[in-house]
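Read the structure below first, then the notes.
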Amino acid sequence: MFDFDVLKKEMEELEEKGLLVKIRTLESPQGAWLNIEGKKVLNMCSNNYLGLCFDEELKEAAIDGIRKWGVGPGAVRSIAGTLELHNELETELARFKKVESTLVVQSGFNANQSVIPPIVSEEDAILSDELNHASIIDGVRLTKAMRYVWKHKDVDDLEAQLQKAETDGARRKLVITDGVFSMDGDLAPLPQIVEKTNKYGAILMVDDAHGEGVLGSHGRGIVDHYGLHGSVDIEVGTLSKAFGIVGGFVAGKRVLIDYLKQKARPFLFSSSLSPAETAAAIAAVRKLSSSDELVKTLWSNSDYFKEQLKALGFDTGHSETPITPVMLYDAKLSAAFSKRLFEEGIFASSIGFPTVPKGKARIRVMISASHSRKDLDFAVSKFELIGKELGVIK
Ligand SMILES: *Cc1c(COP(=O)(O)O)cnc(C)c1O
C-alpha cells in the first residue's frame, strides 16, 4: 500500500514555508463584498474585473439558454454536441475580436491545449517567455517541439532564441507570450515582438486571458490596445475572467480554426460549454460591444487605488493593468499580511512559489469595476494600518 503520510508531510513542509494554499469558501455570490466564514469581507482577489459574474442580463440570458436548450450539450461537439448557440457565440466573438473566426472550448486552460499541440511537432520550435502562464507551459509539454525560453519581456533575448532555433533547423517557429502577465500585471511588448516574429517568419501567439474585457477599446484585448489587428496570428482568450462566466477561446484565421476543429483534443474529446454558459457568454460579448462604461470604471478604479498605495510607500511592482501586486518578497510576511487583512475585512490572497518565483511573494490585489470609491478607500486605510503594523511602510 502506498504510504499517503508522505503527502501529508509534504503539505506540512509547505505550511512551514508559508506556501500552503488556504482555500476559502464563499458563502455569497461573487461580487465586491463576500461572506466568508460568517464574515463580510471586501473582495480583492477575484478576476471578476467587470462585475459580470452576478450581472442581471447575463443571468437572464443563462436562464433563457437553459429554457430553450437544456442543461448539457449531450456530446462532444465533433459528434453531436454543437448547438446553434455555440456557433452564435463564436460568430459574436469573432466580430468582437475583429478576426475571421474563433473556437470556443471549456476554459482558457484548454484553449492553450487546443491550439499549441496541433500546430507544432518535433521538427518545430516553440519560443516562450519565461513567465508564461502554467497552461501555456502544459500546452508546450504536450508537444515534442524543441523549446526555447526567452527572458521576461526581453526582445533581444527573443531574437537570440529565434536565431538558435533557426540554427537548430526548426521548420516552424511558434512564439508564445502572455498578453498581460497575471502575477505582475505588466504587458508583453507586443509591437517589438511582432517585429521579431516577422523578421524570422515565426508564428505569433498571444494568450490574452487577463487582457480580454480589460485592455483595448471596449475590452477587445491587447492586440486592439496596441493597434495590431492582423499582425498576431493566434489569440487565446478566456471567458472566465472579465467576461464573468467560464470558457476559453482561440481567435484567428478561418483556416486555423477549421484545422483546430479537426485536431484539438479538448474539442474532440471533451464536451463543450453548457447552454447556460454559452448563452451568458453571448450576452457578455454583446454587452461589451455596446458599451465601454464598465471597462472605463475598472481603469479609473485601478488608477485611483494604485496611486493611493504608492503614496503610502508600498511597492506595487511594474503593473500596467488593474492587477496590483503589493510586493512583500518574503512568503511568511506575505501570508501574515493577508491573514491580517482578512481579520480587518479584506480578502486579498498571498501568492508565493510556485505561482511566482521564490523570494517574490506578494499580495495580489485585483481591482474590479464593481468596487465603489468608498470600498477602495476602506481597502487603502486597511493596507495603511497593517503595512505600518508589520513594518512594511513607515
Ligand atoms: C487564467 C489564465 C488562463 C486560464 O483561464 P481559465 O479560463 O480560467 O482556464 C490561461 N492563460 C492565462 C494567461 C491566464 O491568466
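For the sequence shown, the numbering used here assigns the number 35 to the initial residue and increments by one for each residue that follows. Every residue gets a Cβ at the ideal spot worked out from N, C-alpha and C, and that includes glycine.
Just so you know, the alpha carbons of Ser406 and Leu343 end up roughly 16 Å apart. Leaving aside the five residues that flank Glu164 on each side, the residues in its chain whose CB is nearer than 8 Å to its CB run, in chain order, Val183, Trp184, Lys185 and His186.
Secondary structure note for Phe412: its alpha helix (DSSP H) is the uninterrupted segment Arg407 to Glu423. In this structure, the alpha-carbon of Asp188 lies about 16 Å from that of Met239. Within the same chain, Ile160 come within 6 Å of Arg181 by CB-CB distance, once the 5 residues on both sides are set aside.
Between the C-alpha atoms of Ser384 and Ala114 there is a straight-line separation of about 43 Å. Distances from the CA of His167 to each of Glu126, Asp190, Phe143 and Val138 were compared; the closest alpha carbon is that of Phe143. Apart from sequence neighbours up to five positions away, the residues of its chain that approach Ser402 with a beta-carbon distance below 8 Å are Ala66, Asn77, Ser80, Asn82, Tyr83, Leu84, Gly85, Leu332, Asn335 and Pro356, ordered along the chain.
Between the alpha carbons of Ile57 and Val139 lies a distance of about 26 Å. Within the same chain, Cβ atoms closer than 6 Å to the Cβ of Ala236 are found at Lys207 and Val209, the five residues on either side in sequence being excluded.
A direct Cα-Cα distance of roughly 15 Å separates Lys275 from Arg398. Near ligand 1, meaning a Cβ closer than 6 Å to any of its heavy atoms, lie the following residues in chain order: Ser141, Gly142, Phe143, His167, Ser169, Asp212, Ser216, Asp241, Ala243, His244, Thr272, Ser274 and Gly282.
Ranked by Cα distance from Ser306, the first of Ile256, Arg111 and Ala314 is Arg111. In the DSSP secondary-structure assignment, Gly213 is not bridged to any residue. Counting only the Cα atoms, Gly286 lies some 21 Å from Leu176. Judged by pairs of C-beta atoms under 8 Å, the stretch 314-331 does not touch the stretch 146-156, as fewer than three such pairs exist.
Counting C-beta pairs with one atom in each stretch, the stretch 43-58 and the stretch 373-387 have three or more that are closer than 8 Å, which means they touch. In this structure, the alpha-carbon of Asp158 lies about 25 Å from that of Phe215. In this structure, Val228 is the residue among Leu92, Val228, Val174 and Gly421 with its C-alpha nearest to the C-alpha of Asp190. Closest in alpha carbon position to Glu354, among Glu124, Leu221, Leu127 and Glu94, is Leu221. One Cα belongs to Phe88, the other to Ala318, and the distance between them is close to 11 Å. Leu273 is positioned such that its CB atom lies no closer than 8 Å to that of Leu137. In this structure, DSSP gives Ile170 a helical state, which the three-state scheme calls helix. Arg58 carries a coil assignment under DSSP once its states are collapsed to helix, strand and coil. Closest in alpha carbon position to Leu410, among Trp103, Lys297, Tyr338 and Ala382, is Tyr338.
In terms of Cβ geometry, Ala315 and Asp98 do not form a close pair [threshold 8 Å]. Between Leu328 and the set Glu377, Met217, Leu375 and Gly278, the nearest pair of CA atoms involves Gly278. At the C-beta level, Asp242 and Gly261 stay beyond 8 Å of one another.
Here Val284 is buried. Its C-beta has 16 or more other C-beta atoms within 10 Å. Beta-bridge annotation (DSSP): Arg398 is paired with Pro359. Within the stretch 268-351, complete alpha helix (DSSP H) segments of at least 4 residues are found at 288-297, 299-303, 309-324 and 327-346, given in chain order. Pro63 and Glu91 have their C-alpha atoms spaced approximately 16 Å apart. A direct Cα-Cα distance of roughly 28 Å separates Ile256 from Ala310.
According to DSSP, Val138 shares a beta bridge with Phe283.
Listed in chain order, the non-local C-beta contacts of Gly72 below 8 Å within the same chain comprise Glu61, local neighbours out to five positions each way being set aside.
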